[in-house]
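J.:
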Amino acid sequence: MKKLILITAEEFVCNEGQLIMEAIDCGVDYVHIRKPHATIDRVAHLVESISSAYHSQLVLHDFHSLAMQYNVAAIHLNARQSTIPSWWNGNTSRSCHTLEEIIRHKNKHKYLFLSPIYDSISKTGYTSNFSLQRLLEAGRQGIIDDNVIAMGGICTDNVKATIDCGFGGVAVLGSIWKEPTIEHIHKEVKQLKQILSCYNS
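Numbering-wise, the working numbering comes out as the position in the sequence shown, counting from 1, plus 242.
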């Protein structure tokens, strides 16, 4: 099954917990809680605003100590949090920005993010690192596979071309949070899921 993953906006959004639950109800597989400038108390408050029935689909980018308390799906590793805590024996994911990193970390995590695939929607100046030709070749070589998730500039217009490179799914951020309303999230997630469903039949 091709995964659809939602990354939270860096800053907090009004009614964010409710919007996250709506996204999951519409078909998002996992929501990554990524708040690099927040305090642990504010992140905990956000998680607590989400019904515990949804916690098994949350992944924490920061404040990994909260993972046990809230029984989340996984913890995420990145430049800020690069090592697995000694007490954690659950699932992990990791951010990668080169194909070499993908090769290095393959089979160590539930899945890997590769970014930026396209110019970022949410980050000015965060531009694509990869040509379509290189991504297609990496897919043919088995570097990109079902355990690699495409991230960066993903939207309904480019999902099909992205999955055709061999990715196991996509992670979205800017295309969702540019209009943080129930109506927009419902529309965007349903469209993305419809495209991905063509690969899951």
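We put the CB at the ideal spot given by N, CA and C, even for glycine.
Source: prediction; values computed, not measured.
(1) Let me know the secondary structure DSSP gives SER417 once reduced to three states.
(2) Roughly how many angstroms separate the alpha carbons of LEU246 and HIS297, rounded to a whole number?
(3) Between LEU288, ILE437, ARG284, PHE409, which has its C-alpha nearest GLU379's C-alpha?
(4) Jot down the residue ranges of each uninterrupted beta strand (DSSP E) in the stretch 263-319, minimum 3 residues, whole runs only, in chain order.
(5) Give me the residue from VAL301, ILE359, HIS428 with the minimum Cα distance to LYS277.
(6) Given 8 Å as the limit, is there contact between the stretch 251-267 and the stretch 388-404, that is, 3 or more CB pairs closer than that?
(7) Where does ALA392 fall in DSSP's three states?
(8) In the DSSP output, what is ILE405 paired with across the bridge?
(9) Inspect the beta-carbon positions of GLN311 and VAL273 and report whether they are closer than 8 Å.
(10) Measure from the alpha carbon of SER294 to the alpha carbon of each residue in ALA413, TYR360, GLY259, then state which is nearest.
(11) For LYS244, count the other beta carbons within 10 Å of its own beta carbon; 16 or more makes it buried, fewer makes it exposed. Which is it?
(12) Which residue's Cα is closest to the Cα of TRP329: TYR360, VAL412, LEU308, LEU356?
(13) What whole-angstrom Cβ distance do LEU354 and SER370 have, given they're in contact under 8 Å?
(14) I need the DSSP call for SER439, collapsed to helix, strand or coil.
(15) Return the residue from the list ILE418, LYS432, VAL431, THR423 that minimises the CA-CA distance to THR250.
(16) Identify which residue in CYS256, ALA286, VAL289, ALA392 has its Cα closest to the Cα of LEU356.
(17) If you draw a straight line from the alpha carbon of ILE424 to that of LYS432, how long is it in whole angstroms?
(18) Comparing alpha-carbon positions, which option in SER439, TYR441, LYS435 lies nearest CYS268?
T.: Here's the rundown:
(1) SER417: helix per DSSP, three-state reduction.
(2) Straight-line Cα distance between these residues: approximately 16 Å.
(3) Shortest Cα-Cα distance from GLU379 to any of LEU288, ILE437, ARG284, PHE409 involves PHE409.
(4) Entirely contained in the stretch 263-319, the beta strand (DSSP E) runs reaching 3 residues are, in chain order, 272-275, 300-302, 316-319.
(5) Relative to the Cα of LYS277, the nearest Cα in the group VAL301, ILE359, HIS428 belongs to VAL301.
(6) They do not touch, by the three-pair rule.
(7) DSSP, read as helix, strand or coil, puts ALA392 in strand.
(8) DSSP, once it has assigned bridges, lists no residue as partnering ILE405.
(9) Result no, Cβ atoms of GLN311 and VAL273 do not sit closer than 8 Å.
(10) Nearest of ALA413, TYR360, GLY259 to SER294, Cα basis: GLY259.
(11) When all chains shown are included, LYS244 counts as buried.
(12) Ranking TYR360, VAL412, LEU308, LEU356 by Cα distance to TRP329 puts LEU308 first.
(13) Wrong, their Cβ atoms sit about 18 Å apart, outside the cutoff.
(14) The three-state secondary structure of SER439, taken from DSSP, is helix.
(15) Cα-wise, what sits closest to THR250 is ILE418.
(16) Answer by Cα proximity: ALA392.
(17) For ILE424 and LYS432, the distance between alpha carbons rounds to 12 Å.
(18) Nearest Cα to CYS268 within the set SER439, TYR441, LYS435: LYS435.
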